[in-house]
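Residue numbers 37 to 182, in the numbering used here, belong to the letters of the sequence shown in order. To start, the structure under review is shown below, and the notes come after it.
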Amino acid sequence: MTEAAYYLPLQAKRVLWLCLMQAYFNDSQEDDSDVLPLFKISVSDYVKYFNVATSVASRDVKAGVNALGESTVTFYPKEGEFEEVKRPWLAEAGMKRGRGSWQIEFNYKVMPFLVGLTSQFTTYSLYDCGQLNSVRVIRLYESLCQ
């Protein structure tokens, strides 16, 4: 899962971070298996955390959601019929035109692994890393935080 996220473009990483932040701070869920795969991504949140103009944020969110929609996560199960299984990140993505928001639904088979990321790895503030504009610098930052 982390390897799949490693190769996402900057905009998709940022959209994924906004989703992970929602999963992490969702106090109403007691059990990871109860977390719904629906997330709201707003252009205003993107502007807030990544300090870009609204027009840039609007374009970036759309590009990020599209990249997640076109990307897959590869799993290598130890048991079962297949040695390699590819699953899409998203089941659905919907945009509210003129409102600056998207609702994305993660693939239910990917969701348990996504939620697991919020508890298994070093966390860092989007305010700290939101200003990073290069995927390579982000990778270095993530490595240093671990």
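Just so you know, even glycine gets a beta-carbon here, dropped at the ideal spot from N, CA and C. The structure displayed is predicted, hence computed values, not measured ones.
Are residue i and residue j touching if we call contact CB-CB under 8 Å?
{"i": "Met131", "j": "Trp125", "result": "no"}
{"i": "Val51", "j": "Gly100", "result": "yes"}
{"i": "Ala103", "j": "Gln47", "result": "yes"}
Quick one: residues in its chain with C-beta nearer than 6 Å to the C-beta of residue i, no 5 flanking neighbours on either side, listed in chain order?
{"i": "Phe75", "result": "Cys55, Gln58 and Ile140"}
{"i": "Leu44", "result": "none"}
{"i": "Gly105", "result": "Leu126 and Ala129"}
Whose CA, out of the options, lies closest to the CA of residue i?
{"i": "Ala129", "options": "Lys49, Pro73 and Ala41", "result": "Pro73"}
{"i": "Gly136", "options": "Val97, Lys49 and Tyr42", "result": "Val97"}
{"i": "Val121", "options": "Ala127, Thr110, Asn87 and Phe149", "result": "Thr110"}
{"i": "Ala93", "options": "Ala127, Tyr144 and Val79", "result": "Val79"}
{"i": "Gly134", "options": "Met147, Thr108, Ala41 and Arg95", "result": "Arg95"}
{"i": "Lys145", "options": "Lys49, Tyr42 and Thr108", "result": "Thr108"}
Between residue i and the rest of its own chain, which residues show a CB-CB distance below 8 Å, the 5 nearest in sequence each way excluded?
{"i": "Pro113", "result": "Glu119 and Val121"}
{"i": "Asp81", "result": "Leu54"}
Can you give me the Cβ contacts of residue i inside the same chain, cut-off strictly under 7 Å, excluding the 5 residues immediately before and after it?
{"i": "Asn143", "result": "Arg123, Pro124, Trp125, Leu126 and Ala127"}
{"i": "Val83", "result": "Thr90 and Ala93"}
Answer yes or no: does any C-beta atom of chain B fall closer than 8 Å to that of residue i?
{"i": "Gln47", "result": "Chain labels in this structure do not include chain B; a single protein chain is all it has."}
Measuring from the CB of residue i, is there a heavy atom of the ligand SAH at a distance below 7 Å?
{"i": "Leu74", "result": "The ligand SAH is not among the ligands present in this structure, which contains no ligands whatsoever."}
### Message
Please give the ranges of any beta strand (DSSP E) in the region 92 to 131, keeping only runs that are unbroken, at least 3 residues long and fully inside the region.
### Response
Unbroken beta strand (DSSP E) runs of no fewer than 3 residues, entirely contained in the region 92 to 131, are found at 108 to 111 and 121 to 124, following chain order.
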